[in-house]
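If you want this note's numbering, it's the 1-based position in the sequence shown plus 7.
Note that beta-carbon positions come from the ideal geometry of N, C-alpha and C, so glycine has one too.
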Amino acid sequence: MNRKTTYLKGKLFLSLLGCALLVPGLAGAQSAASMKKLVKQDLQFAIGQYKLLMQTTPEGVLPRTFDSASRKVLTTNSRSWISGFFPGTLWFLYEYSKDPVLKQAAETRTALIANQQFYTGTHDLGFMLYCSYGNAFRITGDAADKQVLLNAAHSLSTRFNDTVGCIKSWDHGSWTYPVIIDNMMNLELLCWAAKAAPDKRYLHIAETHANTTMKNHFRPDYSSFHVVDYDPHTGKVLAKKTAQGYADGSAWARGQSWGLYGYTMMYRETKDPKYLAQAQHIAGFILHNPHLPKDMIPYWDYDAPDIPQADRDVSAAAIMASAFLELSTFTQNKGDAKTYRNAAEKILVSLSSPAYRSKSGANGGFLLMHSVGNLPGHSEIDVPLSYADYYFVEALLRYKKWFLHQ
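This is the structure in C-alpha cells:
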C-alpha cells in the first residue's frame with residue numbers, strides 16, 4: 008500500500024468519527040466509550056506487533072526501523088541513543104498484559120544496554136537507560152536495576168558545566184559546546200536520581216540546565232532553536248543553529264515536542280510554576296500554529312517550505328500526545344486542561360487510523376508509519392521509528408490510567 012492510499016484511508020477513518028475531531032480545541036470531540044475501545048484495541052495490536060518484532064530482530068541487537076524495500080528490520084547496538092526504546096516499550100506492554108513472554112524479552116533486551124551505564128561520551132543516557140532500566144525498576148523494583156540507573160545518572164552528570172549551566176550534548180562536529188533541545192528529556196533520569204540516591208546535586212544540574220535552556224533556546228513565540236552553542240569558559244552563547252530542522256530559524260517539529268514534554272516533566276518533578284508556564288507557552292505555539300494539520304500530525308518542520316506536501320513526523324505527534332495528556336493533569340484552568348486532553352485524543356485517533364498505524368503483521372512489527380528521523384541528513388525519512396512507538400504506547404497507557412475509570 009503506498010503512502011497516498013494510506014492517507015486517503017486515514018481521512019475516511021477520521022470522517023467516520025465525526026468532523027468535530029478536525030477542529031483544534033473543540034471540546035467533547037471524543038466519547039469515553041470510543042476512547043476506551045480505541046485504547047484497548049491499540050494496546051492489543053501493539054502486543055501482537057511487538058511479538059513479531061521480537062522475532063524479526065536478531066539477538067544481541069535492537070530494532071531501529073524497517074526497510075520496506077528489503078523487508079528487513081534495521082538494527083542498532085547499545086551505544087545508539089535509541090537503544091532504550093524497544094526494551095522500554097516491551098516493559099510497557101508487559102505492565103499492561105502481564106504476559107511473561109514480554110517480560111522475558113524486556114529483560115533480555117534491557118540487559119544489552121547495561122554496558123552503557125558508565126559511558127560519559129553522550130548526553131543520551133536518559134533515553135538509553137531511563138526508558139529501559141527506569142521502566143524495569145518501576146515495574147519490578149529490582150535493586151540491581153536501581154544501581155544501573157544511579158551509575159548512569161553519575162555518568163550523565165559529568166557532562167555538566169557550571170559556567171555554561173548546561174549538560175553538553177555532543178562531542179562531535181564543529182561545535183564548541185553544543186546543547187540541543189532534545190537534552191531536556193535526559194533530565195528525568197537526574198530528577199529520579201536526586202530522590203533515589205539521594206543527592207541534591209542531580210536536581211541542581213537538572214534545574215540549572217532547564218533554566219538555561221529556557222533562557223537561550225526559545226524565541227518570543229516560544230518556538231525553540233534546535234542547537235545552542237556555548238563558550239565553555241564564559242558561558243556566552245556563540246550561535247543558535249539547527250542540525251535536523253529546515254533552517255536555523257525554523258521550528259523543527261520533534262524539537263518542539265521534546266520541549267513540551269521536557270518542561271511538563273520538570274514541573275512534575277519540581278512543582279516549580281515557571282516550568283508549567285513554559286510548557287503551556289510551548290503548547291500554545293503548537294496548537295495555534297497555522298501549519299499544524301487538522302489531523303494534528305505535524306509536518307517534520309513547522310516551517311518546511313513544501314507544506315502541505317512536506318513529510319509528516321509521526322514521532323513528533325506521539326511525543327506530543329503523551330506530553331499533552333500529562334500537561335492536562337497539571338493545569339488549574341479547566342478550559343486549558345480540556346484543550347490539552349482533546350489535543351491528545353485527536354492525535355491518538357489519528358495515529359490509530361490506517362493513515363499512520365501499520366496493518367497487523369506488517370511494517371516489520373513496528374506500530375506506526377511515517378516518521379522522520381533526520382531529513383536534512385537524508386536519514387530515516389517516512390519510516391517507522393522505535394521512539395515513535397515508545398511514546399505512542401506511553402500515551403495509550405497514560406490515557407488508560409488517568410482517564411478511563413474501569
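Would you kindly report the start and end of the unbroken alpha helix (DSSP H) that includes residue i?
i, result
"residue 345", "341–358"
"residue 396", "393–410"
"residue 81", "Careful: residue 81 lies outside any alpha helix (DSSP H), inside the beta strand (DSSP E) at 79–83."
"residue 107", "107–118"
"residue 160", "150–164"
"residue 244", "Looking at the DSSP string, residue 244 is not in any alpha helix (DSSP H); the run it does join, the beta strand (DSSP E), is 244–248."
"residue 221", "207–223"
"residue 101", "92–104"
"residue 144", "142–147"
Going along the chain, which residues of its own chain have a beta-carbon closer than 8 Å to the beta-carbon of residue i, five neighbours each way excluded?
i, result
"residue 292", "228, 229, 230, 258 and 263"
"residue 404", "50, 99, 102 and 103"
"residue 472", "No answer is possible for residue 472: the residues shown for the chain start at 8 and end at 413."
"residue 65", "82"
"residue 44", "none"
As a quick exercise: from the options, pick the residue whose alpha carbon is nearest that of residue i.
i, options, result
"residue 91", "64, 140, 73 and 65", "140"
"residue 298", "156, 273, 280 and 260", "260"
"residue 286", "362, 176 and 343", "343"
"residue 185", "242, 38 and 123", "242"
"residue 267", "278, 290 and 255", "290"
"residue 253", "381, 111, 335 and 274", "381"
"residue 160", "116, 208, 218 and 403", "208"
"residue 366", "44, 39, 48 and 43", "48"
"residue 70", "59, 58, 78 and 83", "83"
"residue 53", "359, 385 and 408", "359"
"residue 356", "301, 171, 122 and 392", "301"
"residue 273", "397, 215, 321 and 58", "215"
"residue 309", "348, 232 and 361", "232"
"residue 251", "387, 281 and 60", "387"
"residue 116", "125, 129, 162 and 143", "143"
"residue 101", "190, 147, 199 and 320", "147"
"residue 384", "269, 249 and 221", "249"
"residue 324", "313, 341 and 353", "353"
"residue 281", "152, 338 and 347", "338"
"residue 256", "226, 58 and 50", "226"
"residue 276", "187, 322, 334 and 173", "334"
"residue 191", "377, 174, 206 and 284", "174"
"residue 393", "373, 170, 316 and 179", "373"
"residue 217", "198, 206 and 145", "198"
"residue 390", "319, 340 and 399", "319"
Going by DSSP, what residue range makes up the beta strand (DSSP E) through residue i?
i, result
"residue 386", "386–390"
"residue 73", "69–74"
"residue 40", "Careful: residue 40 lies outside any beta strand (DSSP E), inside the alpha helix (DSSP H) at 39–63."
"residue 231", "Taken as a continuous stretch (DSSP letters only), residue 231 belongs to no beta strand (DSSP E), as it is neither H nor E."
"residue 136", "Neither: residue 136 is in no beta strand (DSSP E) and is coded neither H nor E."
Spatial neighbours of residue i within its chain, please: CB distance less than 7 Å, with the 5 preceding and 5 following residues excluded, ordered by chain position.
i, result
"residue 177", "185"
"residue 135", "88, 90, 91, 120 and 123"
"residue 75", "none"
"residue 402", "325, 328, 329, 332, 351 and 355"
"residue 138", "91, 92, 95 and 397"
"residue 368", "59"
"residue 395", "321, 322, 325, 375 and 378"
"residue 288", "229"
Sort out for me which residues DSSP pairs residue i with in a bridge.
i, result
"residue 281", "Beta-bridge pairing links residue 281 to no other residue."
"residue 185", "236"
"residue 381", "386"
"residue 306", "319"
"residue 198", "Residue 198 is not bridged to any residue."
"residue 375", "364"
"residue 168", "173"
"residue 259", "308"
Kindly give me the distance between the Cβ atoms of residue i and residue j, rounded to whole angstroms, as I take these residues to be in contact under 8 Å.
i, j, result
"residue 182", "residue 238", "Not really, about 11 Å apart at Cβ, beyond 8 Å."
"residue 414", "residue 127", "Residue 414 is absent from the structure shown; the chain starts at 8 and stops at 413."
"residue 193", "residue 131", "6 Å"
"residue 363", "residue 314", "Residue 363 to residue 314, Cβ: 18 Å. No contact."
"residue 336", "residue 294", "With a Cβ gap of about 17 Å, residue 336 and residue 294 do not count as contacting."
"residue 118", "residue 156", "Contact flag wrong, Cβ pair sits at about 14 Å."
"residue 307", "residue 189", "That belief does not hold up - the Cβ atoms of residue 307 and residue 189 are roughly 15 Å apart, past 8 Å."
"residue 212", "residue 164", "6 Å"
Under 6 Å Cβ to Cβ from residue i, same chain only, skipping five residues before and after it: list those, please.
i, result
"residue 223", "235 and 244"
"residue 371", "63, 73 and 80"
"residue 105", "none"
"residue 97", "109, 112 and 113"
"residue 219", "172 and 173"
"residue 407", "46"
"residue 348", "335"
"residue 221", "285"
"residue 170", "242"
"residue 210", "201"
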